[in-house]
Amino acid sequence: MSGLLAATLLSLTATATHAALPTPGAPDLSARSYVLLDYATEQVIVERDADRPVPPASITKLMTAYLTFQAIKSGDISLDDTVTVSEKAWRMGGSRMFIEVGKQVTVDELLQGMIVQSGNDAATALAEYIGGNESSFVAQMNATAERLGMDETHFENPTGWPADGHVMSARDIATLLSQLIHEFPDLYKVFRQKSYTYAGIKQYNREKLLFRNEWVDGGKTGHTEAAGYCLATSGARDGMRLVAVVLGTESDEARNNQAEALLNYGFRFFETVEVRNGGETLATPRVYKGESDQTPVGLRQDLSVLVPKSRRDELAVSLQLDPALEAPVNKGDALGQLVVRLGDETIAQRPVVALADNPEGGIVKQVTDSFWLWWEE
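The numbering used here applies: residue 1443 is where the sequence shown begins, and numbers increase by one.
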């Protein structure tokens, strides 16, 4: 059974294989730290000092957006809610959407002002509205970072305004941007918006790769003297999505060029291969002493792997099952494993589970199958 499955998967792989260039080394970048991540598999393609905590500047607003999206999705707030602008929000320096103290602004307007225009005033107004006050919101930011496994992150404010101890790592930023895309696909669309006009002032998205490449669908820039020029961005092409983060470059042009170089490298020389879908029947192995002679098995979740295009024909998949499975079998029980290899290296391994219950059969079935188990030993 497992040999048949492996052969089937290999034949599918072979039909899609095409001539590919050898995989060259990654681009040489001047950014202090960076990471290129495959969204589907969460595998890192390229990294340098990706766990180094550094000031993130306005990339901080990705977390402010995450908590805003979460509050909208849960029904705690809506895009149409109106927010009264506080004096603190109005007085914020740096990039602004130019809201006025005491005026009513919708959550939708503030989101566009924060994401497209990078408004510190908008981020502060959202934080005060969602958290009740800024300090409570910042506590939520840090709790969420901990929950998402962002171990090198600590927030002091919702804007990225310079503050001691306010840091993120490139890997943590990639994790956060990936979660935004995964959890809030509809709300995430605001990141690809190229401009926004508020109070008669039109501002263009600082994410310049939106204007260079139609397959880039947004992210967040950041810049302070301590942080340098930073960019977190994502793009999807040919069924593959990548997330790139560059921190501490020397100019706006440098951050754009270096993030674009990472994305182009990933798309040109790597691909995401879908191995099997979760819940799909991979095999129906024999089960002894059960009501049914067979039980369907498969993966709990979808499985994809990242491979260099030049090595795709080295991909091999095998299904390993116990040859003497016995009832009772409950749905979800682990009955074996699916192993994915690239050449001599195992690159993925997942449990194979029962997709249906198979309770014990009657006494005749028990006796008969006991005999066959003894015989086959």
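We treat Cβ as the ideally placed atom computed from N, Cα and C, and that holds for glycine.
Quantities reported herein were computed from a predicted structural model and do not represent experimental measurements.
Distance, residue j Cα to residue i Cα
{"i": "Ala1499", "j": "Asp1680", "result": "32 angstroms"}
{"i": "Lys1631", "j": "Ala1776", "result": "39 angstroms"}
{"i": "Asp1538", "j": "Phe1633", "result": "Reading off the sequence shown, one finds Arg at residue 1538, where the question assumed Asp. Whole-angstrom Cα-Cα distance: 17 angstroms."}
{"i": "Gly1785", "j": "Leu1757", "result": "7 angstroms"}
{"i": "Asp1480", "j": "Glu1802", "result": "44 angstroms"}
{"i": "Asp1518", "j": "Gly1661", "result": "25 angstroms"}
{"i": "Thr1723", "j": "Val1543", "result": "59 angstroms"}
{"i": "Phe1653", "j": "Arg1697", "result": "14 angstroms"}
{"i": "Glu1625", "j": "Thr1617", "result": "12 angstroms"}
{"i": "Arg1474", "j": "Asn1800", "result": "56 angstroms"}
{"i": "Leu1705", "j": "Leu1478", "result": "7 angstroms"}
{"i": "Arg1533", "j": "Val1717", "result": "53 angstroms"}
{"i": "Thr1457", "j": "Thr1483", "result": "Confidence at Thr1457 is low in this model, with a pLDDT of 33, below 50, so the placement of that residue is unreliable and no value is reported for it."}
{"i": "Glu1713", "j": "Met1682", "result": "7 angstroms"}
{"i": "Ala1686", "j": "Leu1568", "result": "26 angstroms"}
{"i": "Phe1579", "j": "Ala1587", "result": "12 angstroms"}
{"i": "Ser1637", "j": "Pro1466", "result": "37 angstroms"}
{"i": "Ala1668", "j": "Ser1577", "result": "23 angstroms"}
{"i": "Gly1566", "j": "Pro1600", "result": "For the sequence presented, residue 1566 should be read as Thr rather than Gly. Cα to Cα, Thr1566 sits roughly 6 angstroms from Pro1600."}
{"i": "Ala1513", "j": "Glu1733", "result": "48 angstroms"}
{"i": "Gly1607", "j": "Tyr1508", "result": "21 angstroms"}
{"i": "Thr1810", "j": "Pro1765", "result": "17 angstroms"}
{"i": "Leu1761", "j": "Ile1789", "result": "14 angstroms"}
{"i": "Ala1641", "j": "Ala1564", "result": "13 angstroms"}
{"i": "Ile1615", "j": "Leu1684", "result": "13 angstroms"}
According to DSSP, residues forming a beta bridge with residue i
{"i": "Val1609", "result": "His1596"}
{"i": "Tyr1638", "result": "Gln1645"}
{"i": "Val1658", "result": "Gly1677"}
{"i": "Gly1778", "result": "Leu1763, Val1794"}
{"i": "Asn1562", "result": "Per DSSP, none; premise fails for Asn1562."}
{"i": "Gly1740", "result": "Val1795"}
{"i": "Thr1723", "result": "DSSP output for Thr1723 lists no bridge partner at all."}
{"i": "Val1496", "result": "Met1610"}
{"i": "Asn1800", "result": "Val1771"}
{"i": "Pro1750", "result": "Phe1712"}
{"i": "Asp1480", "result": "Leu1684"}
{"i": "Thr1526", "result": "Gln1546"}
{"i": "Ser1472", "result": "None; Ser1472 has no bridge partner."}
{"i": "Leu1745", "result": "Arg1718"}
{"i": "Leu1568", "result": "In the DSSP output, where bridge partners are listed per residue, Leu1568 has none listed."}
Coarse secondary structure for residue i, derived from DSSP in three states
{"i": "Arg1697", "result": "helix"}
{"i": "Ala1582", "result": "For clarity, residue 1582 is Gln in the given sequence; the question names Ala instead. Correct three-state label for Gln1582: helix."}
{"i": "Glu1428", "result": "Here the chain comprises residues numbered 1443 to 1819, so residue 1428 is not present and cannot be evaluated."}
{"i": "Asn1706", "result": "helix"}
{"i": "Gln1546", "result": "strand"}
{"i": "Thr1617", "result": "helix"}
{"i": "Gly1573", "result": "helix"}
{"i": "Gly1386", "result": "In the structure as shown, the chain begins at 1443 and stops at 1819. Residue 1386 is therefore absent and cannot be evaluated."}
{"i": "Leu1452", "result": "Residue placement at Leu1452 is flagged as unreliable, the pLDDT there being 44, under the threshold of 50; a coordinate-derived value is accordingly withheld."}
{"i": "Ile1514", "result": "helix"}
{"i": "Arg1538", "result": "coil"}
{"i": "Phe1712", "result": "strand"}
{"i": "Val1687", "result": "strand"}
{"i": "Ser1734", "result": "coil"}
{"i": "Glu1625", "result": "helix"}
{"i": "Val1632", "result": "helix"}
{"i": "Leu1509", "result": "helix"}
{"i": "Ala1758", "result": "strand"}
{"i": "Thr1465", "result": "coil"}
{"i": "Ile1789", "result": "strand"}
{"i": "His1460", "result": "The predicted position of His1460 is uncertain, since its pLDDT is 47 and thus under 50; no value can be drawn from it."}
{"i": "Thr1502", "result": "helix"}
{"i": "Leu1652", "result": "helix"}
{"i": "Arg1490", "result": "strand"}
{"i": "Arg1718", "result": "strand"}
{"i": "Leu1590", "result": "coil"}
{"i": "Leu1521", "result": "coil"}
Residue i classed as buried or exposed, judged by whether at least 16 other C-beta atoms fall within 10 angstroms
{"i": "Gln1546", "result": "exposed"}
{"i": "Lys1515", "result": "exposed"}
{"i": "Ser1620", "result": "buried"}
{"i": "His1665", "result": "buried"}
{"i": "Lys1644", "result": "exposed"}
{"i": "Phe1597", "result": "buried"}
{"i": "Asn1719", "result": "exposed"}
{"i": "Leu1521", "result": "exposed"}
{"i": "Asn1575", "result": "exposed"}
{"i": "Gly1677", "result": "buried"}
{"i": "Ile1805", "result": "exposed"}
{"i": "Arg1613", "result": "buried"}
{"i": "Ser1693", "result": "exposed"}
Cβ-heavy atom distance, residue i to the ligand HEM, below 7 angstroms
{"i": "Ser1693", "result": "By its list of ligands, the structure shown contains no ligand whatsoever, and the ligand HEM lies outside what it can speak to."}
Open item on the list: Quick test of the definition: if touching needs 3 or more C-beta pairs under 8 angstroms, does the stretch 1551-1558 touch the stretch 1637-1654?
Closed with: yes
- [ ] Could you say if the stretch 1767-1782 and the stretch 1726-1739 meet the contact criterion of at least three C-beta pairs nearer than 8 angstroms?
- [x] yes
- [ ] Specify whether the stretch 1493-1512 and the stretch 1584-1600 touch according to this definition: at least 3 beta carbon pairs, one from each stretch, less than 8 angstroms apart.
- [x] yes
Task: contact_flag[the stretch 1783-1798, the stretch 1734-1750] where n(CB pairs < 8 angstroms) is 3 or more - done: yes
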